[in-house]
Ligand SMILES: [Zn+2]
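Residue numbers (the numbering used here): -17 to 233.
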């Protein structure tokens, strides 16, 4: 029986044959790993800790014909705070779901594991958790080679200055001259500058940015539209975020 060890972050968990679970992890060396963890529903399961969402662990697996089997777990960081607060839980779940749905087994994206770990760590005590969410999403686009260019109009290639507009059909930003009459979303100079700062800064430093409500709304619509256009995946957690937003405008 061949075994391998790796660090991993727990992304998704689903039930499997009674007390078993199929767990999706993101790992630095193998990208997404889906493995069976047996006996999780039993008391005193030694593997149960790894099944808690967003946990960073050292993991050992046995290779299987279909699914690998989780055989050993050593928790490094449980990211407990992410499960204690609705907003953080919603954002952490969205990050996990999008990562699991857009990444493939045996195809690690360079630096993504480290960024995911840093993101969950920053999200635990971020003053403005939405900035940490956006920072990860921009990094995820980049890891997939799908990041929009924020500097240059995607139609005429002129350098953008001042306001820009996001055109979902182009998956990019356009200048005032190229702006179509319909289906263009304003990304003001403030909003565009904030997204550029978010891209440059490490996730744990994002608390230094302050953002007005109007620019926040523009960035939110821009990132949601780009996510839909590039990934086209349904996620339960974004519905949850929208439900929470309905009760809290700041979210
Ligand atoms: Zn243009």
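All C-beta atoms, glycine included, are put in the ideal place defined by N, C-alpha and C.
Within the DSSP bridge table, the entry for residue 141 names 134 as partners. Annotation: the continuous alpha helix (DSSP H) that includes residue 120 extends over 111 to 125. Distance from the CA atom of residue 103 to the CA atom of residue 183, rounded to whole angstroms, is 15 Å.
No Cβ-Cβ contact shorter than 9 Å links residue 87 with residue 208. A direct Cα-Cα distance of roughly 6 Å separates residue 39 from residue -10.
Not one heavy atom of ligand 1 is found less than 8 Å from the C-beta of residue 106. Inclusion of residue 35 and residue 75 in the CB contact set at 9 Å is warranted, their separation being smaller than that value.
Taking C-alpha positions only, residue 170 is separated from residue 153 by approximately 17 Å. The residue among 46, 48, 16 and 47 with its C-alpha nearest the C-alpha of residue 33 is 16.
Only residues of its own chain outside the window of five on either side were considered, and among them 156 and 160 have a CB closer than 6 Å to the CB of residue 137, listed in chain order. In terms of side-chain proximity, the C-beta atom of residue 85 is found no nearer than 8 Å to any non-hydrogen atom of ligand 1. Residue 56 has its alpha-carbon roughly 21 Å from the corresponding atom of residue 94.
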